[in-house]
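Chemist: Submitted below is the structure of interest, expressed as structure tokens.
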Amino acid sequence: MKTLLTEEVLREGIRRMAGEIRQHYADRPLTIVGVLIGSVVLLADLIRLLDMPLRVEMVQARNNRKSTRPGPLVIDLGLLGGDVRGRHLLLVDDIFHTGNTLWELIPQLDELGPASIKTAVLLRKQGQSVVPIKPDFVSFDVPDAFVVGYGLDYRDRYRNLPYLAALEAAELGEEPPA
Ligand code: IMP
Ligand code: MG
Numbered sequence: 406m407k408t409l410l411t412e413e414v415l416r417e418g419i420r421r422m423a424g425e426i427r428q429h430y431a432d433r434p435l436t437i438v439g440v441l442i443g444s445v446v447l448l449a450d451l452i453r454l455l456d457m458p459l460r461v462e463m464v465q466a467r468n469n470r471k472s473t474r475p476g477p478l479v480i481d482l483g484l485l486g487g488d489v490r491g492r493h494l495l496l497v498d499d500i501f502h503t504g505n506t507l508w509e510l511i512p513q514l515d516e517l518g519p520a521s522i523k524t525a526v527l528l529r530k531q532g533q534s535v536v537p538i539k540p541d542f543v544s545f546d547v548p549d550a551f552v553v554g555y556g557l558d559y560r561d562r563y564r565n566l567p568y569l570a571a572l573e574a575a576e577l578g579e580e581p582p583a
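Start counting at 1 in the sequence shown, then tack on 405, and there's your number in the working numbering.
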């Protein structure tokens, strides 16, 4: 495992992104919508850097991946509690890889009548997007490696690492047949 972003570097990048978010929304009615599970560490740090009125909600997007290869996506908006009508939604996720998660979440949230929907991610993986949207706020661009830590997992492990690491080929298990 190779460290990609240390705790100090992560903190600085998130602080910068928080400043951009703060400046963009000012005092508009903001609801931060975290995408479970990967976003929880970022979410906890990000909201404490946003000195402004905001609400927090959660949705779940589960990628039924067997390994590092993306699988079918299951989206669950059932955790949304408050009324998001007329509010500015900021979807927060751990990583923008193919973009499919956010691309599928946006129209479903849009049906609930928010004032706007934007997206913020900790990481954007280079050259992997397959959708016609880009994340609005990004803390870091990362190379096309499988990364773990700071909320991101590999087979449910490593979410609790306080830093971001890239797994090496030997650490990635057998890919299931395509
Ligand atoms: P996308 O839908 O392809 O953009 O992928 C987004 C989701 O896939 C993220 O929310 C992560 O849960 C997961 N993911 C993509 N790349 C990685 C990675 O390198 N490490 C861990 N999880 C990843
Ligand atoms: Mg995720």
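We put the beta carbon where it would ideally sit given N, CA and C, even for glycine.
These figures come from a predicted structure and were not determined experimentally.
1. Grab me the residues of residue 558's own chain with a C-beta within less than 8 angstroms of its C-beta, minus the 5 sequence neighbours each way, in chain order.
2. Tell me whether residue 583 sits in a helix, a strand or coil according to DSSP, three-state version.
3. What do you reckon, are the CB atoms on residue 447 and residue 555 nearer than 8 angstroms?
4. Pull up the distance between the alpha-carbon of residue 398 and that of residue 435, whole angstroms please.
5. Quick one: measure Cβ to Cβ for residue 495 and residue 445, integer angstroms, because I've assumed they're closer than 8 angstroms.
6. Excluding sequence positions up to five away, which residues of its chain have a Cβ less than 6 angstroms from the Cβ of residue 583?
7. When the Cα atoms are used, what is the spatial distance from residue 570 to residue 470?
8. At the level of alpha carbons, what is the spacing between residue 538 and residue 508?
9. I'd like the ranges of any beta strand (DSSP E) spanning at least 3 consecutive residues and lying wholly in the region 449 to 510.
10. Mark residue 540 as exposed unless 16 or more other C-beta atoms lie within 10 angstroms of its C-beta, in which case mark it buried.
11. Hey, would you say the C-beta of residue 524 is under 7 angstroms away from at least one heavy atom of the ligand IMP?
12. From this set, 499, 484 and 516, which residue's C-alpha is nearest residue 585's C-alpha?
13. Identify, in the order they occur along the chain, each residue of the same chain with its Cβ nearer than 7 angstroms to the Cβ of residue 486, setting aside the five sequence neighbours on each side.
14. Mind checking whether the beta-carbon of residue 468 lies closer than 7 angstroms to any heavy atom of the ligand IMP?
15. Does DSSP put residue 529 in a helix, in a strand, or in coil?
Modeler: For this structure:
1. For this step, residue 558 is matched to residue 153 along the sequence shown. So the qualifying residues of the chain are 442, 443 and 564.
2. To locate residue 583, count along the sequence shown from 1; it is residue 178. Note that residue 583 scores a pLDDT of 44, beneath 50, so its modelled location is shaky; the value from the coordinates is reported in the next line. Here residue 583 sits in coil by DSSP.
3. Taking the first residue of the sequence shown as position 1, residue 447 is located at position 42. Taking the first residue of the sequence shown as position 1, residue 555 is located at position 150. Yes. Within cutoff.
4. Given that the chain is displayed from residue 406 to residue 583, the structure contains no residue 398 and the question cannot be resolved.
5. Residue mapping note: residue 495 aligns to position 90 of the sequence shown, counting from 1. Residue mapping note: residue 445 aligns to position 40 of the sequence shown, counting from 1. With 8 angstroms as the limit, residue 495 and residue 445 do not qualify as a contact, their Cβ atoms being about 15 angstroms apart.
6. For the purposes of this step, residue 583 is taken as residue 178 along the sequence shown, with counting starting at 1. Unreliable placement is indicated for residue 583, whose pLDDT of 44 sits below 50; no coordinate value is reported for it.
7. Here residue 570 refers to the residue found at position 165 of the sequence shown. Here residue 470 refers to the residue found at position 65 of the sequence shown. Answer to the nearest angstrom: the Cα atoms are 20 angstroms apart.
8. For the purposes of this step, residue 538 is taken as the residue at position 133 of the sequence shown. For the purposes of this step, residue 508 is taken as the residue at position 103 of the sequence shown. Going by the C-alpha atoms only, they are around 7 angstroms apart.
9. 459 to 468, 478 to 481 and 493 to 501
10. Along the sequence shown, read from residue 1 onward, the residue named residue 540 stands at position 135. Buried: at least 16 other Cβ atoms inside 10 Å.
11. Residue mapping note: residue 524 aligns to position 119 of the sequence shown, counting from 1. Checking the Cβ of residue 524 against the ligand IMP gives no.
12. Residue 585 is absent from the model: the chain starts at 406 and stops at 583.
13. Position 81 of the sequence shown, counted from the first residue, corresponds to residue 486. Taken in chain order, the residues that qualify are 462.
14. Mapped onto the sequence shown, residue 468 falls at position 63. Correct: residue 468 has its Cβ closer than 7 angstroms to the ligand IMP.
15. Indexing the sequence shown from 1 puts residue 529 at position 124. Looking at residue 529 - three-state DSSP - the assignment turns out to be strand.
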